[in-house]
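A.B. asks: What follows is a structure written as structure tokens; I'll ask about it next.
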Amino acid sequence: MPNALTPTPQRTEGKSMRHVQLILIASLLHSLPVAGQVLPSANGLLIIETNSLEAVVMIGDDALGLASEGPFLVPVGPTQLTLVEAISDAWSPRRSTADVTIRPGETTTLRLDLPVRHRIDSLPPGAEVVLRNGGQDEVLGIAPVIVDRHEPMDGTLVARRTGFRPAELAPGDSSFNHYTFVLQPLEAGTALDGATSWVPPTQPKRWIDYAAAGVALAATSLAIYFKFEADGVDDRYRNPDSLERGNPLLKQEAERLDLYSLGALGVMQAGITVLAVRFILR
């Protein structure tokens, strides 16, 4: 059974026949007699060799087809070709352009590759990304960033952000490369190099966090307790089968317990607010 990546003899023969047919058409156009004269051919053949056979070959705004569908019948003379990445949902498809001269009745072979794309993200975002090669740092941008190169990158990719440890990785050499740097925060007291003036924060007062959390949990428990007690007293006051139905003292007791429950909820919210503010300012 033939490999899916290896053209079968039938496909190879069919492509060869198509190539021969296009050459014959170009030859006929080259020597078409009109009123006793020989008209020059208006077309030639073009073959695109590329690293992306699924890219679209274009002349101006006209698409000739996928690179894998060549050879193409192209008007003679100088022209500019564009190779565009065939991804419908890409907001910035890769593209390459080249100038070529098509000669009548001849087949022109052009090598035209899409650029090597590097998409670089960082967690958290906003890290500066540099390419370090031979002791030199080339700033590529602030993550998330997309970098297109005609050749694979040489060196080491480095992501750095104030307050976080730098991260490094080796760039890939595929047609499309995607990296995500996960930056680890610096611990308090960690020495920084002289290239930055960032000073690590002092050790936070953890007891405040523990106290606020404890108050919030205790207040939550009290709020639930008083609410259940209030509901029980209210049932005794309203239940037709209760011997104490309609007793005004029960109504007052239920209202008092509801107030206690609301007060405990307020304390709980205050504890949570303290925790949230300290987390934001940390």
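For what it's worth, numbering that gives the first Met the number 0 labels the leading residue of the sequence shown as 0, then goes sequentially.
Yeah, the Cβ is synthetic: ideal placement off N, Cα and C, and Gly gets one too.
Provide the residue(s) that pair with G125 in DSSP beta bridges, ordered along the chain.
C.D. replies: On the sequence shown, position 126 is the one that residue 125 refers to. DSSP output for G125 lists no bridge partner at all.
A.B. asks: With 16 as the cutoff for other CB atoms within 10 Å, does S95 come out buried or exposed?
C.D. replies: Start at 1 with the first residue of the sequence shown, and residue 95 comes out as number 96. Under this definition S95 is a buried residue.
A.B. asks: Would you check if the distance between the CB atom of A215 and the CB atom of G262 is smaller than 7 Å?
C.D. replies: As a working mapping, residue 215 is identified with position 216 in the sequence shown. As a working mapping, residue 262 is identified with position 263 in the sequence shown. Contact flag unset, no.
A.B. asks: Under a three-way DSSP split, which group does P151 fall into?
C.D. replies: If you number the sequence shown from 1, residue 151 lands on position 152. DSSP places P151 in coil when its eight states are reduced to three.
A.B. asks: Tell me whether P247 sits in a helix, a strand or coil according to DSSP, three-state version.
C.D. replies: Within the sequence shown, the letter at position 248 stands for residue 247. Helix at P247.
A.B. asks: Helix or strand or just coil, what does DSSP make of G231?
C.D. replies: Translated into positions along the sequence shown, residue 231 becomes position 232. Helix, per DSSP.
A.B. asks: Short of 7 Å in beta carbon distance, which residues of its chain neighbour L111, apart from the five on each side in sequence? Order them along the chain.
C.D. replies: Along the sequence shown, read from residue 1 onward, the residue named residue 111 stands at position 112. Apart from the 5 residues on each side of it in sequence, L111 sits with its Cβ closer than 7 Å to the Cβ of I47, T49, L80, L82, S95, A97 in its chain, given in chain order.
A.B. asks: Going by alpha carbons, who is nearest to E105 out of V115, V75, R244, H117?
C.D. replies: Taking the first residue of the sequence shown as position 1, residue 105 is located at position 106. With distances taken between Cα atoms, E105 lies closest to V75.
A.B. asks: Am I right that E228 and L256 are in contact with their C-beta atoms under 8 Å? What's the rounded C-beta distance?
C.D. replies: Indexing the sequence shown from 1 puts residue 228 at position 229. Indexing the sequence shown from 1 puts residue 256 at position 257. Yes, they are in contact, since the Cβ atoms of E228 and L256 sit about 5 Å apart, within 8 Å.
A.B. asks: Which term fits L38, buried or exposed, when burial requires 16 or more other beta carbons within 10 angstroms of its beta carbon?
C.D. replies: Working through the sequence shown from its first residue, we reach residue 38 at position 39. With a pLDDT of only 39 at L38, under the threshold of 50, the placement of this residue in the model should not be trusted; the figure read from the coordinates follows. Per the 10 Å Cβ criterion, exposed.
A.B. asks: Between V266 and Y259, what straight-line distance do the alpha-carbon atoms span, to the nearest angstrom?
C.D. replies: Along the sequence shown, read from residue 1 onward, the residue named residue 266 stands at position 267. Along the sequence shown, read from residue 1 onward, the residue named residue 259 stands at position 260. Between V266 and Y259, the C-alpha separation is close to 11 Å.
A.B. asks: Who pairs with T96 in a beta bridge, going by DSSP?
C.D. replies: Here residue 96 corresponds to residue number 97 of the sequence shown, with the count starting at 1. According to the DSSP secondary-structure assignment, T96 is paired through a beta bridge with T81.
A.B. asks: Assuming A158 contacts A166 under a Cβ cut-off of 8 Å, what Cβ separation, rounded to an integer in Å, is found between them?
C.D. replies: Your numbering for residue 158 matches position 159 in the sequence shown. Your numbering for residue 166 matches position 167 in the sequence shown. With 8 Å as the limit, A158 and A166 qualify as a contact, their Cβ atoms being about 5 Å apart.
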